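Residue numbers (my numbering): 47 to 487.
For each residue, glycine too, the CB sits at the ideal point set by N, CA and C.
These figures come from a predicted structure and were not determined experimentally.
Some notes on the structure that comes next.
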Amino acid sequence: MIYKKVYIKTWGCQMNLYDSNKIINHLKSFNTYKFVDSYKDSNLIILNTCSIRKKSELKVFNYLNKLKKLKIFNNKTIVCLCGCLATHLKDKIFSRTNLVNIICGPKSIQNLNNLIIKFVKYKKRLIDIKNRNISENINKILSDNVKINSFVTIMEGCNKFCSYCIVPFTRGFELSRKPESIINQICYLSKNKIIEINLLGQNVNAYNSFFKNGIKCDFTDLLCLISKINKIKRIRFTTSHPYNFNNKLINSYKYLSKLVNFLHLPVQSGSNKILKLMGRKYTIEYYKEIIYKLLYIRPNMLFSTDFIVGFPNETEKDFLMTLDLIKEIKFDYSYIFMYSPRQGTISFNMIDNIDNNEKKRRFKEIKKLIIENVSEINKKMLFNIYKILVEGFSKKDFSYLFGRTENNRKVFFIGKKNLLGKLVSVKIYKISTYYLYGKLV
Ligand code: SAH
Ligand code: SF4
Ligand code: F3S
């Protein structure tokens with residue numbers, strides 16, 4: 047029997063955080079692993095990696111070098127590389143570093159224990175990046191830190207092949223879970239104090255599955271079913287794609303009151319020329335139509351988005367169109383990325399002709415506008431009443447609790463322990479860029 051002390055380090059998106067939980071649950075089920083908080087105390091290091099940009103990749107190799115310098119490794123330490131870098135670089139990782147012993151792709155997590163046992167026995171480097179189906183009995187075990195909100199993966203992979211993106215190559219084709227299995231999982235979570243669900247997937251609204259009786263279930267059908275679970279009070283999802291944001295989904299905002307008044311809908315650019323080069327399959331007019339239809343149904347709805355700056359051939363004129371879009375839609379806190387060419391994608395063959403300083407300037411300009419929007423939104427929130435989901439105590443002052451508004455603002459307020467895990471109304475009386483202060487009403 048082996049006894050391993052495991053340290054797990056996670057990079058990347060929420061899907062990777064979710065997968066790290068999957069890894070923990072998988073290994074915990076064998077009783078031969080103990081999880082530790084520091085690599086210093088471990089003899090099995092799991093790196094759950096991301097490869098969305100060059101920088102993400104470098105972070106992993108820099109981390110390995112740091113551990114090497116600290117002389118963390120001895121001949122008993124096993125290093126296992128999981129996540130998107132595993133499927134992106136495959137066995138090339140072995141030639142780039144001799145510190146990695148096992149490579150295990152995102153769809154092979156169920157096989158991780160086997161790989162570790164095999165490695166211990168034969169001391170031979172191993173790789174498993176097979177494209178298996180999504181395991182249906184995942185994450186039934188609640189992790190220790192789950193309190194009142196939980197992610198639930200409903201689909202994985204992507205068929206969109208945007209010209210710049212590595213995800214379809216690292217995560218494989220779209221696969222949707224069975225609706226019955228998702229509902230079972232959410233019912234189980236709801237019986238364990240979870241009242242907010244965040245549905246997870248590379249393109250959640252491309253969800254496309256069938257009930258056991260053969261009847262089709264799309265994303266809106268799934269939302270309707272989840273809404274019927276009494277104890278679930280709030281539903282979020284991330285990430286949805288404009289291409290699949292159909293009228294059925296838009297109209298569901300009329301009658302699904304548990305859907306939050308906030309949507310993260312990545313746009314990437316305000317220029318149709320760039321959207322076309324990116325292979326995004328929609329125009330800016332179509333994107334705005336979605337936003338305006340939603341605002342017609344829910345006038346107070348807020349939106350956040352993702353931008354890529356410095357995509358090949360993005361001129362100043364194209365960039366100004368993005369700035370105009372930000373001013374028009376008044377996006378709330380959003381993510382901005384500098385274009386990073388990824389080997390294997392279509393745009394890798396285009397010349398990366400916007401220099402780094404220019405990318406940085408565009409990044410900063412967008413950030414400035416977004417921060418202006420954020421503070422304008424905060425000002426509008428001042429003296430108004432919002433529902434927040436109470437998540438915990440303030441670390442600085444235990445007489446304060448905090449919760450989140452539908453648009454993810456952390457609100458601190460004075461309150462008692464019995465409010466934890468409840469939806470309460472607070473009136474905002476003080477604002478800063480990212481935090482708000484409120485009083486119970
Ligand atoms: N499926 C989601 C996004 C997943 S990736 C969607 O299509 O909307 C998260 C974000 O990373 C993307 O929205 C994009 O803004 C950014 N991104 C992806 N590939 C990138 C690259 N090669 N360079 C820079 N940013 C990138
Ligand atoms: Fe990447 Fe595009 Fe798929 Fe999003 S939709 S994961 S950006 S290929
Ligand atoms: Fe990164 Fe993979 Fe997520 S590339 S962003 S960890 S899907």
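In angstroms, rounded to a whole number, what distance separates the CA positions of residue i and residue j?
| i | j | result |
| --- | --- | --- |
| K485 | L302 | 28 Å |
| K439 | G449 | Residue identity differs from the one stated: residue 439 is Phe in this sequence, not Lys. Their Cα atoms are separated by approximately 9 Å. |
| I41 | L469 | There is simply no residue 41 to check, as the chain begins at 47 and stops at 487 in what is shown. |
| T451 | M427 | 10 Å |
| H310 | E202 | 18 Å |
| I19 | Y289 | This structure gives no information on residue 19, because the portion of the chain shown stretches from 47 to 487. |
| Y385 | I320 | 12 Å |
| T78 | V198 | 27 Å |
| Y446 | I474 | 14 Å |
| S141 | R171 | 11 Å |
| F207 | F81 | 37 Å |
| S273 | L235 | 14 Å |
| I139 | A132 | 8 Å |
| N230 | I275 | 10 Å |
| R455 | F165 | 46 Å |
| N108 | I124 | 18 Å |
| V355 | S315 | 8 Å |
| S189 | N67 | With a pLDDT of 47 at S189, under the threshold of 50, the modelled position of that residue is not reliable, and no figure is offered here. |
| I336 | N318 | 16 Å |
| S350 | V313 | 9 Å |
| K50 | L465 | 39 Å |
| K110 | H72 | The sequence as given places Leu at residue 110; Lys does not occur at that position. Going from the Cα of L110 to the Cα of H72 covers about 24 Å. |
| E404 | F256 | 48 Å |
| Y483 | S471 | 12 Å |
| C59 | V106 | 15 Å |
| T284 | L245 | 6 Å |
| K224 | E362 | 46 Å |
| M324 | L366 | 17 Å |
| S421 | T479 | 6 Å |
Is the Cβ-Cβ distance between residue i and residue j less than 8 Å?
| i | j | result |
| --- | --- | --- |
| S97 | H134 | yes |
| E150 | T216 | First, the amino acid is wrong: residue 150 is Cys here, not Glu. Result no, Cβ atoms of C150 and T216 do not sit closer than 8 Å. |
| L371 | I416 | no |
| I375 | F409 | no |
| T368 | F353 | yes |
| I34 | N94 | Any question about residue 34 goes unanswered here, given that the chain covers just 47 to 487. |
| Y481 | F444 | no |
| C126 | N157 | no |
| T266 | S298 | yes |
| K300 | K279 | no |
| P387 | F377 | no |
| T56 | Y210 | no |
| S286 | N251 | yes |
| F32 | N453 | Nothing about residue 32 can be read from this structure; the chain reaches only from 47 to 487. |
| K193 | N177 | no |
| L268 | I281 | no |
| F219 | N205 | yes |
| Y64 | I91 | no |
| E226 | K258 | yes |
| I173 | K115 | no |
| G467 | I241 | yes |
| I261 | I243 | no |
Spell out the partners DSSP gives residue i in its beta bridges.
| i | result |
| --- | --- |
| V82 | For V82, which the question treats as bridged, DSSP gives no partner whatsoever. |
| I354 | F383 |
| G484 | I474 |
| L246 | T199 and T284 |
| Q314 | F353 |
| K55 | L93 |
| D174 | C150 |
| D264 | N254 |
| F458 | F448 and Y483 |
| L469 | L435 |
| L295 | For L295, which the question treats as bridged, DSSP gives no partner whatsoever. |
| K376 | K376 pairs with nothing; no bridge assigned. |
| F308 | L348 |
| K50 | Y79 |
Quick check on the DSSP output: what are the complete alpha helix (DSSP H) runs of length 4 or more inside the stretch 74-144, in order along the chain?
As for any alpha helix (DSSP H) of minimum length 4 sitting wholly inside the stretch 74-144, the runs are 100-115, 130-135 and 138-142, ordered along the chain.
Segments assigned alpha helix (DSSP H), at least 4 residues, entirely inside the stretch 196-240:
As far as the stretch 196-240 is concerned, its whole alpha helix (DSSP H) runs of at least 4 residues are 213-217 and 225-236.
Extract the residue ranges of the alpha helix (DSSP H) inside the stretch 396-450, only unbroken runs of 4 or more that lie entirely within it.
For the stretch 396-450, whole alpha helix (DSSP H) runs of length 4 or above, ordered along the chain, are 402-427.
When a residue counts only if its C-beta is closer than 6 Å to some heavy atom of the ligand SF4, which residues count, in chain order?
With the cut-off at 6 Å, the residues found are C204, K206, F207, C208, C211, V213, P214, Q248, N249 and H287.
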